[in-house]
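Written out below as structure tokens is the structure these notes cover.
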Amino acid sequence: MASEQQAVDDVFGSTVERREDSSLLTGEAEFTDDKLPDAAHVSIVRSQYAHARIENIDLSEAEAQDGVIAAFTGEDIESSGIPNNIPTAWMLPGLVTPQYRIMATDKVRHTGDAVAAVVAEDRYKAHQAANLVDVEYERLESVTEPTEAVGAEPTVHEEAEDNVAFDFELGDSDAVDQAFAEADNVASVELEQPKIIPNAVEPRAAAASYNPGSDELTLWMTSQNPHIHRMLLSTATLGHPEHKLQVIAPEVGGGFGKKIYHYPDEAITAWCAKQLGRDVKWQAARSEDYATGSHGRDHVTEAEIAVDDDGTIRGLRAETHAGLGAHLLQFATATPSYLYATILSGEYEIPAIHCRVVGAFTNTAPVDAYRGAGRAEGIYVTERILDVAASELGMDPTELRRKNLIDPDDFPYASPVGVHYDSGEYERAMDRALELIDYEAQRERQKRLREEEDRYLGIGVANFVESAGLSPSKAAGELGSVVGGWEAGVVRFHPSGKVTVYCGTSDQGQGHRTTLAQVAAQELGVPLDDVEVIEGDTDEVPQGMGTYGSRSAPVGGAAVSTSAEKVIEKARSIAAHQLEADEEDVEFEDGEFHIAGAPDRSMSIQTIAHEAYISHDIPDEMEPGLEATSYYDPENFTFPFGTHIALVEVEPETGEVEIERYVAVDDCGEQINPMIVEGQIHGGIAQGIGAALLESGEYDDEGNLVTGSMNDYALPRANDLPEYETDSTVTPSPHNPLGVKGVGESATIGATPTVVNAVVDALEPFGIDHLDMPLTNETIWSAVREKEGDT
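Position one of the sequence shown corresponds to residue 500 (the numbering used here), numbered consecutively onward.
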């Protein structure tokens, strides 16, 4: 492994050891629950019913317990005069946005809705007392599936007629109708993408400290975007002055989208701290986090593709019902469904696409962004229907894909569903993946095993492209966002020549303290060990939009790079002044300024930093110091892409699936740190495999979460995963100065359809052309028995 002491000229693009890992591996890292060790604890009383009116809440027995400090209901919060609303940050046209109070006062809408809170001296006393809160309910009928929710009574929210939160269409329906009328063939598929429950190492948590004298409130929390949490807590929920509210994200043990959102729990914790004038903390149990944190996916789709006999795709249409859960969260539960519709073109030139998406409120936990949000759902639909179409045409699925790939000369490419791809060489990545798996030889092996040994090998191929670098403020504004899409970066030299970088992104394990340091060190030409990166603290970092949508490198890294360029230009002026030369004659390379043609007359940028702070000999009217701030707002998303291939063997007598090989070729543009890129791909594949084979958040008819713990919710384990074979191509993005595209979500997007395609391919001899996820042993066994006529 390469040392962190890298030569200045090769730090960008090098495999540098993660500087984050030492404290994590030794147990020295501090998480939210490590903060305020002497704080009181709040236990939140939650509804055991999915849908019910609150008739009465009796706190008396809980309040009488030893160690109990206070107990509160939603009426107490409502009467305190705070805004008391969990807002929706991104608005689609016509989106219905019922008020989401931080504690229910009239009705509960899913199991886990907060109805009361008990604060006690320790967490055990708080939990014991919370169990004594007596709540009387009038139970109502509940609905948990998006298709069944539309038109169901009683509605989840009175404001949402027929439980419909939004109903939008994207694309040209007339052009699609014409394409289908003219095509030789139409293939169709009905598919479901079940709820996924995100599982981070650390469940959600919050710790609040309030100083009544100064009116300063500090909140430590598991956050992917501390500045947005601060803004929403201030303006929409607590009404606390933003400049007196500090939000800090310490170590965050994974996020996967779940920790983007402003939930009621951190607001309840902070409100209790203010009411009581003492430190208060809350830590979710795993089962509590399952029931109340956001879930992902939950799409039901009917899709059709129009294709000619030679494999030319003419059109695609889809109608999707998206389950939103009971409440809209901060990121806007509608947004993943919108991103879903915009990515249906995948890597292919599809002249006409039309998509309708109906978002339905259900009596379940909120459904929002999960790794690959929207893009994963869209690519799954496209890659599954391509396999179905190839089967009906009698074409090899790779040939159908190859015939319709967007040509490299056509970039930037405008898809018929409103996005503009930046750059891509899709066939190159696909060819590399086919080469690594030895595709033709595997097809021959598959045929031989079926004929000679009665063994069922499956080969699954999926291409993907995703919209990453979630950013442009203009695009966010078009979707009604109340937040921008830019990112902030500060680069500050100290008089000693050391550098501190401040960035508005927020790490949950991605390795920002390493990669952003690599960006700054490369730009400034200073040793990597001389650069420190600070994130996740609203008092330290001026502003920021956070980490989600694979935006940290393309947007945050670009902000840091832009600030470094500004610092270099100021340093160039000082160098020219002290070297008595014109600025245009001063060149900068590897951390040194020198006069063109006279390399012996030079000054290092770290020396200039010292001079900038002494300020005895700097240009007239120049301010002392050497630092710069940038708010980088790119013109567009970035569009990573790739090809994944899985080789699986299915045992039809048991339904067991063994993943024999897994090849992933990804293109995320320029790579800041190849080791970190590979780590992101490994983790993403694991989550994609989990979705394909194991994971499903299930509710019963009464709205109870029956997969409410790790005893019931199947996560992939080490023995479920193969050794990955990874490779990459590099197609730089023109939309940021680093040429990076982002890689945090790509592998999850690619892996799920890859594995499903492989399993269905293995089952082709049984006449099975589609199965809905998760493809558990029982699902496969039952499908085979049905096809064979067994009962």
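Glycine included, each C-beta is placed from N, C-alpha and C at the ideal position.
These numbers were taken from a predicted model, which means no experiment stands behind them.
Please tell me whether residue i and residue j are closer than 7 Å, where the distance is taken between their beta carbons.
i: Ser722; j: Lys757; result: no
i: Ala1191; j: Val1255; result: yes
i: Gly1056; j: Gly1003; result: no
i: Ile1248; j: Ala875; result: yes
i: Tyr1112; j: Tyr1161; result: no
i: Leu731; j: Pro586; result: yes
i: Arg1012; j: Glu519; result: yes
i: Leu899; j: Gly810; result: yes
i: Ser1208; j: Ser708; result: no
i: Asp1029; j: Lys997; result: yes
i: Ala603; j: Val541; result: no
i: Gly873; j: Ala833; result: no
i: Arg1071; j: Glu1088; result: no
i: His853; j: Arg796; result: no
i: Gly1045; j: Asn724; result: yes
i: Gly1196; j: Lys624; result: no
i: Asp557; j: Asp633; result: yes
For residue i, I'd like the list of residues in its chain whose CB is within less than 8 Å of its CB, leaving aside the five on either flank, ordered along the chain.
i: Ala706; result: Thr531, Asp532, Lys534, Leu535, Ala538, Leu718, Trp719, Met720, Thr768, Asp778, Val779, Lys780 and Trp781
i: Ile1033; result: Thr999, Val1000, Tyr1001, Cys1002, Glu1039 and Val1040
i: Pro1264; result: Arg949 and Tyr955
i: Tyr762; result: Ile585, Arg703, Thr791, Gly792 and Leu828
What does a CB cutoff of less than 6 Å around residue i pick up in its chain, not counting 5 residues either side in sequence?
i: Ser522; result: Ala528
i: Leu744; result: Leu716, Arg729 and Ser733
i: Val751; result: Thr721 and Gln1007
i: Ala549; result: His609, Thr610, Ser641, Asn862 and Gly1202
i: Gly877; result: Tyr839, Ile842 and Leu843
i: Arg991; result: Thr999 and Glu1126
i: Gly1183; result: Ala1246 and Thr1247
i: Pro1118; result: Ser1072 and His1076
Taking the C-alpha atoms as reference points, what is the distance between residue i and residue j?
i: Gly1187; j: Val887; result: 20 Å
i: Glu977; j: Leu838; result: 13 Å
i: Pro850; j: Glu801; result: 19 Å
i: Ala1097; j: Ile1073; result: 17 Å
i: Leu1193; j: Tyr1212; result: 8 Å
i: Gln677; j: Glu924; result: 30 Å
i: Ala1246; j: His1181; result: 8 Å
i: Ile1171; j: Arg1050; result: 14 Å
i: Ala506; j: Glu701; result: With a pLDDT of 44 at Ala506, under the threshold of 50, the modelled position of this residue cannot be trusted; read the value that follows with caution. Answer to the nearest angstrom: the Cα atoms are 36 Å apart.
i: His1269; j: Ser914; result: 27 Å
i: Val510; j: Val1085; result: 24 Å
i: Val989; j: Ser1129; result: 6 Å
i: Gly1154; j: Glu620; result: 51 Å
i: Ala664; j: Thr819; result: 14 Å
i: Glu1285; j: His798; result: 25 Å
i: Val614; j: Lys1240; result: 43 Å
i: Val655; j: Asp1200; result: 15 Å
i: Gln1009; j: Gln1021; result: 19 Å
i: Ala987; j: Val1054; result: 9 Å
i: Val1164; j: Arg947; result: 27 Å
i: Val1147; j: Ile958; result: 7 Å
i: Glu657; j: Asn630; result: 30 Å
i: Ala1016; j: Thr1225; result: 25 Å
i: Val880; j: Asn962; result: 12 Å
i: Pro1236; j: Tyr1131; result: 10 Å
i: Glu1244; j: Gly1048; result: 7 Å
With residue i and residue j assumed to form a contact (beta carbons below 8 Å), what rounded beta-carbon distance in angstroms separates them?
i: Ile1094; j: Ala1108; result: Not a contact, Cβ separation roughly 20 Å.
i: Asp1116; j: Glu1122; result: Actually they are not in contact, since the Cβ atoms of Asp1116 and Glu1122 sit about 14 Å apart, beyond 8 Å.
i: Ala932; j: Ile1144; result: 5 Å
i: Thr492; j: Ala974; result: This structure gives no information on residue 492, because the portion of the chain shown stretches from 500 to 1290.
i: Ile1279; j: Val1149; result: 6 Å
i: Thr841; j: Ala967; result: The pair is not a contact, with the Cβ atoms about 13 Å apart (cut-off 8 Å).
i: Thr1228; j: Ala928; result: 5 Å
i: Pro1231; j: Ser922; result: 7 Å
By Cβ distance below 7 Å, which residues in the same chain neighbour residue i in space, the five residues on each side in sequence not counted?
i: Leu1274; result: Val1156, Ala1191, Leu1192, Val1255 and Val1258
i: Gln547; result: Thr610
Please tell me whether residue i has its Cβ less than 7 Å away from any Cβ of chain D.
i: Tyr847; result: Of the protein chains in this structure there is only one, and it is not chain D.
Is residue i near the ligand ATP, in the sense that its beta carbon is under 6 Å from a heavy atom of that ligand?
i: Leu716; result: The ligand ATP is not part of the structure shown, which contains no ligands of any sort.
**At least three beta-carbon pairs within less than 8 Å, the segment 858-866 to the segment 672-681** = The way I'd put it, the segment 858-866 doesn't touch the segment 672-681; fewer than three beta-carbon pairs between them come closer than 8 Å.
**Message:** Can you confirm whether the segment 796-810 touches the segment 683-690 when touching is taken to mean that 3 or more C-beta pairs between the two stretches lie within less than 8 Å?
**Reply:** Result yes; three or more Cβ-Cβ pairs closer than 8 Å.
**Request:** Count the CB pairs spanning the segment 609-627 and the segment 1199-1212 that are closer than 8 Å, and state whether there are at least three.
**Result:** The count of Cβ pairs closer than 8 Å, one atom from the segment 609-627 and one from the segment 1199-1212, reaches three, so the stretches are in contact.
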